[in-house]
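Protein chains in written order, with the numbering used here: chain L, -16 to 297; chain V, -16 to 297; chain W, -16 to 297. We treat Cβ as the ideally placed atom computed from N, Cα and C, and that holds for glycine. Remember, predicted model here, so these are calculated numbers, not experimental data. These notes concern the structure reproduced below.
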Amino acid sequence: RFGIGYQEDRVGDVPNFTVDQATGEVSRDGDATVDTDNTILVSRFRLNIDGTAETDGGVEFSARVRLQADEDSGNGEANEAGLNGARFSVIYGGLRVDAGNVAGSFDNLANYYGNEPGLESFIGQYSGVDYSFLGYSSTGSGANAVFFQYAVGDFAFGASYDQATVALDGVPQDADRWDISATYNFNNITAALAYGQTKANVNSSSEKQSLTVLTLGGEWGNFSGTVFVADDDVVNADENGTAYGLSLAYTFGAATTITFAYGDGSADDDTRNLGIGAIYDLGGGASLRGGVGEAKTGDQDGSIRADFGAQFNF
Amino acid sequence: RFGIGYQEDRVGDVPNFTVDQATGEVSRDGDATVDTDNTILVSRFRLNIDGTAETDGGVEFSARVRLQADEDSGNGEANEAGLNGARFSVIYGGLRVDAGNVAGSFDNLANYYGNEPGLESFIGQYSGVDYSFLGYSSTGSGANAVFFQYAVGDFAFGASYDQATVALDGVPQDADRWDISATYNFNNITAALAYGQTKANVNSSSEKQSLTVLTLGGEWGNFSGTVFVADDDVVNADENGTAYGLSLAYTFGAATTITFAYGDGSADDDTRNLGIGAIYDLGGGASLRGGVGEAKTGDQDGSIRADFGAQFNF
Amino acid sequence: RFGIGYQEDRVGDVPNFTVDQATGEVSRDGDATVDTDNTILVSRFRLNIDGTAETDGGVEFSARVRLQADEDSGNGEANEAGLNGARFSVIYGGLRVDAGNVAGSFDNLANYYGNEPGLESFIGQYSGVDYSFLGYSSTGSGANAVFFQYAVGDFAFGASYDQATVALDGVPQDADRWDISATYNFNNITAALAYGQTKANVNSSSEKQSLTVLTLGGEWGNFSGTVFVADDDVVNADENGTAYGLSLAYTFGAATTITFAYGDGSADDDTRNLGIGAIYDLGGGASLRGGVGEAKTGDQDGSIRADFGAQFNF
């Protein structure tokens, strides 16, 4: 996908130069963080490199590495493409086990993300959540964790465990985190509930961090919507509390879809997201997409962002 | 492609070691820049990773990331393969728009490069040009720019715009550059003209930098040739002025082609290139190639370079 | 392949944090090397990217770059996938020439590695060898060298040459190395002999380093075994001398193979390896594998390592 992106007051790192006043000679002097162009070319190239094998007993093994290139959203220049950490999977009937750079119960949760307006999906109903859950990394190594998923009838269950160690003044600390989820489909409605926590605590006031999320999603003809409610408990007390949001999508005519998302939280420093978007289907896996929205954290000034471009699959 | 390359007085960075005089112990001490072997193994592995999609209306979208590995031409060791910045294209009839890591009007100009002798194409008619135009980067992120091309009948037009910011003592400066070109084919001759400039100026004596290029190319049976004339205006006054060159290729028998190129400039510090090469076609997309030539900048000593090896496509 | 790996007293680099006693604020303070979890998720993703071309005369050209991701065996986290240095090959009849990131005569030698127990092949009969021979690098750039191989009837010959330069206190030193090998197959037995040396000497007491290896390998029905004898001469006198080892594999039933390997050396600081493993074939290119073993260097405490997991090809 590629297009044009506007970000209010965009800043980024650019090459810095100095001039010798005596000789007039120009020399490079590291980088400087400056105001850059608010409107830049935005793009993403994503290719999944998958390998699969199936045993005589019908167990499927698969592995994935993702190749991705994005623009630098600060200075508006291109980045080199990179490879992420590998994910390995074993699939047998309704059971799936992922290992390596995996998505956890939240990242996999039905309707967690909902409809995200914009070519770059920059507005989301989950904006009030501050807990750092186990997620798949497209451009980094990700975690080295395990995720289990089991589907039976209208129910699905998930659980993940991420083993990790950090150091506090050079002394090792257990930073493991885990999460679980349950999902239920009834008619055209999906309800999902997830809970996760981590033992990572690096000072006495942060004994445990946790997150609980409930989502509801439904479809009625051309209309679909999601509702999001969460409670997070993190180190920074000004980010704790309830987070909530909703998203909508409505398709009219043959090819046009309008999307909307709103997210906010009860805490002083929670981030509020609000925006709308449009998608026009060109066929053949290609579409035109755009959106406009605002992100506002606590008492800071809100920041307007907008984009427009084309997305295609290959 | 791979083979053997000779470079007069080759220098490169190699691991440096020190010996503790007391204990005789050997320890690593960074790198050192030293004379290395003049003759080394040279190689390039290049693979284009392309994705395409076509809309119902016949518009083609495509994206490319290049995977490339080269030897380190300084110390003669191998480099790890890398990925470059992505390029995105929209193609419809005679119109083509590229975005991201693109080639500009000069890099795409007919007969700009002409015949470049040697396995590594190390001699070129353009050697007198010192302006840094927008080019495709095979091993880096490249620019984040846009290139337009429109072909109608015997004419073709190109234009590019590269938005960029640099800093001078921490203050942002506009470093945008743009270029345009026109190309005309008549019978077996192609004429092309291009102009580009940048506002990037980091001291008072460099208000603008620019480049104008005119090329002519023709084919007569087994013989083909190109003529190159350019005028560049850059910060360093000793590199300004006219650049000129020509290249020739003659195929005799079934499979052998001899190439020749010469390039020079009128300014004191322009670089002169002169060399010849040979190509022997092995069929199946493979060929043997080699060349010998000299590069000489200003009053410095000239440097002899030669190579020989095999090139194949897959 | 992926699974679970146990390493006694595992240590690794993890993010380090400090707490400001006055404000209770937590900030990142580089990395710290600490005890991490002994049991971690281990994994490897490996994909060969190959290109080939064949000339009209029947000469085959090929090139390979490998994409690989491994876990960080220190801190137990995942690593991003990476690309290695390219290898180029010319193959014609029994002759093969490799250039670039190549494996030398030892790395290619029949039965050098023998049977290596464990999912991660962490136990080997060659553990007493301390000479650094030319080997293929799966995750780095490797050497930029040439390897020749010629097979005729029951005989095969190999030779490699790696041109390299290092610096000693900033003065360039020749660090070239070469090796040769001969292999003979008679009935179900293979005998192989190889010799290699390097001129790399960075103090007066190390005039030359060298390695000689003799291997024997045989198969009798479900049983196979290898014997390994070597003599190495390196800078550190406590690692010089004879190295020896053996490995065994026995397949019983339809799908189960038991492996065993032992390696040791005569010098004070040689490393001893001893371990057993098992492989259960699942069909479709997938298998379950595991092993347990001990590595012990000189008078240091031995270190127990074990693993279990699944391996599959795609």
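The Cβ atoms of residue 231/W and residue 208/W sit closer than 9 Å to each other. Within chain L, not a single residue places a beta-carbon under 9 Å from that of residue 51/V; the smallest gap is close to 11 Å. Residues of chain L with a Cβ closer than 8 Å to the Cβ of residue 32/V are, in chain order, 30 and 50. Counting C-beta atoms within 10 angstroms of its own C-beta, residue 235/W has fewer than 16 neighbours from the protein chains shown and is therefore classed as exposed. Taking 9 Å as the threshold, the shortest C-beta distance from residue 100/V to chain L does not fall below it.
The beta carbons of residue 23/L and residue 260/L sit no closer together than 9 Å. As for any beta strand (DSSP E) of minimum length 3 sitting wholly inside the stretch 229 to 292 of chain V, the runs are 239 to 248, 254 to 266 and 269 to 280, ordered along the chain. Chain V places a beta carbon closer than 9 Å to that of residue 45/W, counting this residue as a contact. Boundaries of the beta strand (DSSP E) around residue 162/L: 160 to 169. Contact with chain V is absent for residue 150/L, since none of that chain's Cβ atoms lies less than 9 Å from the residue's Cβ. Only buried fits residue 294/L, as 16 or more other CB atoms lie within 10 angstroms of its CB. Around the C-beta of residue 198/W, 16 or more other C-beta atoms lie within 10 Å, and the residue is accordingly described as buried. Under the three-state reduction of DSSP, residue 61/W is assigned to strand. Residue 162/W does not reach chain L, its nearest Cβ partner there being about 33 Å away, counting only Cβ pairs nearer than 7 Å.
At a C-beta separation below 8 Å, residue 23/L has these neighbours in chain V: 127 and 146.
When Cβ-Cβ separations below 9 Å define contact, residue 60/L makes contact with chain V. Contact check for residue 83/W and residue -15/V: beta-carbon distance about 7 Å, within the 8 Å limit, so the pair qualifies.
Contact annotation: in the stretch -15 to 3 of chain W, residues whose CB is within less than 7 Å of a CB in chain L are -15, -3, -2, -1, 0, 1 and 2. Inclusion of residue 101/W and residue 258/W in the CB contact set at 9 Å is warranted, their separation being smaller than that value. Here the alpha carbons of residue 182/L and residue 20/W stand approximately 15 Å from one another. Scanning the stretch -12 to 30 of chain V from its first residue to its last, the whole beta strand (DSSP E) runs of 3-plus residues come out as -6 to 2 and 9 to 18. For a cut-off of 8 Å, the C-beta gap from residue 27/V to residue 49/V is around 11 Å, too long to register as a contact. In this structure, residue 55/V and residue 45/V do not form a Cβ contact; the two beta carbons are roughly 32 Å apart against a cut-off of 8 Å.
Interface with chain V (9 Å Cβ-Cβ cutoff): residue 220/W is excluded. Following the DSSP letters along the chain, one finds residue 199/W inside the beta strand (DSSP E) bounded by residues 192 to 203. Taking the Cβ atoms as the reference, residue 64/W lies roughly 6 Å from residue 69/L, within the contact range of under 8 Å. Residue state for residue 221/V is assigned as helix, using DSSP reduced to three classes. Among the CB atoms of chain L, one or more fall inside 9 Å of the CB of residue 37/V.
Taking one beta carbon from each stretch, the stretch 238 to 251 of chain L and the stretch 216 to 226 of chain L have 3 or more pairs nearer than 8 Å; the two touch.
Taking the C-beta atoms as reference points, residue 116/V is found nearer than 9 Å to residue 194/V.
The C-beta of residue 206/L has fewer than 16 other C-beta atoms within 10 Å across all chains shown, which makes the residue exposed. A straight line joining the alpha-carbon of residue 57/L with that of residue -4/L spans about 7 Å.
According to the DSSP assignment, residue 85/W belongs to no beta strand (DSSP E), since it is labelled neither H nor E. CA-to-CA, the gap between residue 296/W and residue 121/V works out to about 31 Å. Taking the CA atoms as reference points, residue 191/V sits about 20 Å from residue 4/L. Among the CB atoms of chain V, one or more fall inside 9 Å of the CB of residue 19/L.
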